[in-house]
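Residue numbers (the working numbering): 83 to 190.
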């Protein structure tokens, strides 16, 4: 599974999201969902970061499921279609999760 193109970034994103979900990261300007709205109160900060962390873990899980179900072969047996599927499976859920988190943070 680690030979798949985006496995390590997906695993790192999931691991870095866990402290956000658990609420271990206090308000700061470096790590987490940082908007003027979320930085205004602790309640908004933790709520938005819990949502964002869950969205990122879910996005990573979607890609890792694709990586297991549709393995990408190394050259010379590689396929552009399979590689594009991996790109879409990595970026699609990641972007959707970030957009949903941004909307949630604005409303929080």
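Just so you know, even glycine gets a beta-carbon here, dropped at the ideal spot from N, CA and C.
- Relative to the Cα of residue 178, the nearest Cα in the group 109, 87, 135, 112 belongs to 135.
- Taking a cut-off of 8 Å on C-beta distances, the stretch 107-121 does not touch the stretch 136-154, as fewer than three cross pairs fall below it.
- Going by DSSP, residue 119 is part of no alpha helix (DSSP H) at all; its letter is neither H nor E.
- For residue 111, the three-state secondary structure derived from DSSP is coil.
- In the three-state reduction of the DSSP assignment, residue 159 falls in the coil class.
- A straight line joining the alpha-carbon of residue 144 with that of residue 172 spans about 8 Å.
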